[in-house]
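Residue numbers (my numbering): 1396 to 1990. For glycine and all other residues, C-beta sits at the position ideal for the given N, C-alpha and C.
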């Protein structure tokens, strides 16, 4: 039975969801008709893949020429004719795994740098992302025009009334969303205007996968038990893990139970481990130049078929004359021990298992079911390892029967239509740097005497303090706001005609982060909030301490985790009315002092 309500809008509308994955990408859509219950459909036909019935994904690959122009995308880029032309024209290597260039530059992602291929010369990650979005958009257009009655007229009428949903890993934040927004504009999906920006929304891959599981009826039994569910979206680049529970008796309302996790241990890293092994094993042999091709064959065949570590595994890469018994190569086939192949998978398997344990420990509600989705979920070795490991704990590990690789795209449309998740958990601590009033008996202040200064009002302050506005692992509803009051001072009135503040994120383990010089590498700037306060009455104050005049303005910094984007605002009082300004990334501001 569908949980979806009829579309309540007054105008017909199209919603397109683009799931740009590290290795494969997909498109889902829904045509919204007033009074009708929307259906989720998938694009199942792409150029160079028409002969494959019901294919819901294409390779995330772009072939550029030497001038940086797009020559082929997706399955078209893998055609032999394109490969021949690329070789003759000396085009650069195909661009793949480019999504990972958008990743947050965190410590946990440091190993990715050595794994992913470089971007084409002269191209940014945003520009490449835009080129791929442009192709997906064209694929969606062609499919809708060719499969719907009067499809050309349908597209023409809905083109300006199309909303977009882009998916991204759980670990992506405001900076990555900003780059993706820019890519959507460059791709021509939306105009670069406030109205255009409102047509684009984001959802994490974990939350999209939850929506897919709910819409597919997979969560029914867990809900009946009143227990939590865990979504493991195992993709090509990232592993996204999220825990949810039913918020109330309303089967359409869910909330996060713990901060979602994102790890760079997807299936491409299994292939990369195999490549590292082959480079050592075949070093100095005549097969060393074949390693890229052997790795490719492993990725397409051996990795997918691997089920048993006790059985030998084979990579068929050459002809009957390719042999070297000392290297276990016979008739163009390399024999590997099953235990060696299992070792390629081990970091990913351990990462997922540890994350499941952490989510169980952080969740107050017992978790009954784990749903494994994403392209990597098709690995029997991964699935059976997790099932064997957690069956003793009473955890039911399952994966959808089919189309596990389209869960995110379909789930993104469900997110737009159904909006099942009403409460989330903050992943990190968010706040701002400020100047604390100097306390001569405080050891932390004494240790930072070099950071002492005299403010405009004559008070002695210590710079470099961190004020948490939104704590880590804090449950919060979509309408909940977190605010903190500050003041800015200057002897020059014009300095206060606009105000700004950096919103910082603390990613470390300290439960009470207080100073920017402690665990320094765990702090990063999310955005800078700015506000035009030129019309705000700013009083002229007198400082007894310094026998001087100064201006002072009081502001509130407000953080909310409304939908799937962290939003920041500055609020101030103007003639008795609260005014607000949205966040903009501009520049590093002066420090603040507590009001």
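- Under the 10 Å beta carbon count, residue 1844 is surrounded by fewer than 16 other beta carbons and is classified as exposed.
- With respect to residue 1523, residue 1531 sits apart: the two C-beta atoms are not nearer than 9 Å.
- Taking all protein chains shown into account, residue 1548 has fewer than 16 neighbouring C-beta atoms within 10 Å of its C-beta and is therefore exposed.
- Excluding the 5 residues flanking it on each side, residue 1727 has same chain C-beta neighbours closer than 7 Å at 1711, 1712, 1713, 1714, 1715 and 1717, in chain order.
- When the beta-carbon positions are compared, residue 1560 and residue 1597 come within less than 9 Å of each other.
- The closest CA to that of residue 1632, considering only 1915, 1815, 1510 and 1473, is found on 1510.
- Residue 1935 is classed as exposed because its beta carbon has fewer than 16 other beta carbons within 10 Å across all chains shown.
- In the DSSP annotation of this structure, residue 1889 is not part of any beta strand (DSSP E), being labelled neither H nor E.
- Taking the CA atoms as reference points, residue 1833 sits about 26 Å from residue 1923.
- For residue 1920, the secondary structure class from DSSP, reduced to helix, strand or coil, is strand.
- Straight across, the Cα-Cα distance linking residue 1499 with residue 1795 is about 30 Å.
- Between the alpha carbons of residue 1517 and residue 1919 lies a distance of about 27 Å.
- Distance from the CA of residue 1421 to the CA of residue 1791, rounded to the nearest whole angstrom, comes to 28 Å.
- Per DSSP, the unbroken beta strand (DSSP E) holding residue 1729 starts and ends at 1728-1731.
- Out of 1821, 1848, 1908 and 1938, the CA that lies nearest to the CA of residue 1868 is found in 1821.
- The continuous beta strand (DSSP E) containing residue 1650 extends over residues 1649-1651.
- The C-beta of residue 1664 has 16 or more other C-beta atoms within 10 Å across all chains shown, which makes the residue buried.
- Restricting attention to beta strand (DSSP E) runs no shorter than 3 residues, the region 1684-1724 encloses them at 1708-1711, ordered along the chain.
- Here the alpha carbon of residue 1808 sits roughly 58 Å from the alpha carbon of residue 1938.
- Rounded to the nearest angstrom, the gap between the Cα atoms of residue 1477 and residue 1893 is 54 Å.
- Only residues of its own chain outside the window of five on either side were considered, and among them 1461 have a CB closer than 8 Å to the CB of residue 1485, listed in chain order.
- With a cutoff of 9 Å on beta-carbon distance, residue 1885 and residue 1965 are scored as not near each other.
- Within 10 angstroms of the beta-carbon of residue 1857 lie 16 or more other beta-carbons, which makes it buried.
- Closest by C-alpha distance to residue 1703, out of 1694, 1733, 1866 and 1577, is 1733.
- Rounded to whole angstroms, the Cβ separation of residue 1660 and residue 1634 is 5 Å, and the two are in contact under 8 Å.
- Remark: C-beta atoms of residue 1826 and residue 1899 approach each other more closely than 9 Å.
- With fewer than 16 other CB atoms across the displayed protein chains lying within 10 angstroms of its CB, residue 1683 is exposed.
- Every alpha helix (DSSP H) stretch that sits fully inside the region 1473-1507 and reaches 4 residues is listed by chain position as 1475-1484.
- DSSP lists 1629 and 1658 as the bridge partner or partners of residue 1634.
- Within the region 1744-1796, the runs of alpha helix (DSSP H) at least 4 residues long that lie entirely inside it are, in chain order, 1775-1785.
- In the displayed model, residue 1553 falls within a helix according to three-state DSSP.
- Under a 10 Å Cβ-count criterion, residue 1583 is classified as exposed, with fewer than 16 other Cβ atoms of the shown protein chains found around its own Cβ.
- Counting C-beta pairs closer than 8 Å gives fewer than three between the region 1759-1773 and the region 1572-1581, which falls short of the contact rule.
- Only exposed fits residue 1541, as fewer than 16 other CB atoms lie within 10 angstroms of its CB.
- Look at residue 1941 here: in three-state DSSP terms it is coil, with no helix or strand label.
- With a threshold of 16 other beta carbon atoms within 10 Å, residue 1414 meets it and is buried.
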